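Student: In full-length UniProt numbering, the protein residues as written are 1 to 103.
All residues carry an ideal CB built from backbone N, CA and C; glycine is no exception.
Only a predicted model underlies this, so the values are computations on that prediction, with no experimental measurement involved.
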Amino acid sequence: MIGSRILYCEISGNNVIWGDNPPLCERILCATPRNITNGRITNYKDEYEYNEIVTYSCNPSDGPDEYSLVGESVLVCVDSDRWSSDSPQCKGNNISIYFLLHL
């Protein structure tokens, strides 16, 4: 909402006027958050309204090491083009490298 939340009725001579202009209601929109390497966004679209969410998840790995999501998996549109946190990352576990180095 843009403008004053409370308006007062004022008497001016023989007229009655509002003390301020009425507020304007404006949709709060967020652009699509960034894509992540080795991951995806559910319910992908071009824009989101206030309080809508996106959920991130990691893609399956082609090798023996799975990807782990680092960061918040759910982001909420909290203000105009502002999300509740930064986009997460999908990081490889590098388990096979760990075992090779520790043989």
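Does the distance from the CB of residue 89 to the CB of residue 36 come in under 8 Å?
Tutor: yes
Student: Considering only residues of the same chain and omitting the five flanking positions on each side of residue 82, which have a CB-CB separation below 8 Å?
Tutor: 30
Student: Roughly how many angstroms lie between the CA atoms of residue 46 and residue 32, to the nearest whole one?
Tutor: When rounded, the distance between both Cα atoms is 6 Å.
Student: Roughly how far, in whole angstroms, is the beta-carbon of residue 87 from the beta-carbon of residue 56, given that I think they are within contact range, below 8 Å?
Tutor: 7 Å
Student: Just to confirm the assignment, what range does the beta strand (DSSP E) spanning residue 65 have?
Tutor: Counting along the chain, residue 65 falls outside any beta strand (DSSP E), and DSSP gives it neither H nor E.
Student: As an exercise, report each continuous beta strand (DSSP E) stretch of at least 3 residues that is fully enclosed by the UniProt domain "Sushi" (28-92), in chain order.
Tutor: Runs of the beta strand (DSSP E) inside the UniProt domain "Sushi" (28-92): 29-31, 39-41, 47-49, 53-58, 67-70, 74-79 and 89-92.
Student: According to DSSP, is residue 25 part of a helix, a strand, or is it coil?
Tutor: In the structure shown, residue 25 sits in coil (DSSP, three-state: anything other than H, G, I, E or B).
Student: Between 60, 49 and 67, which has its C-alpha nearest residue 78's C-alpha?
Tutor: The shortest Cα separation from residue 78 among 60, 49 and 67 belongs to 49.
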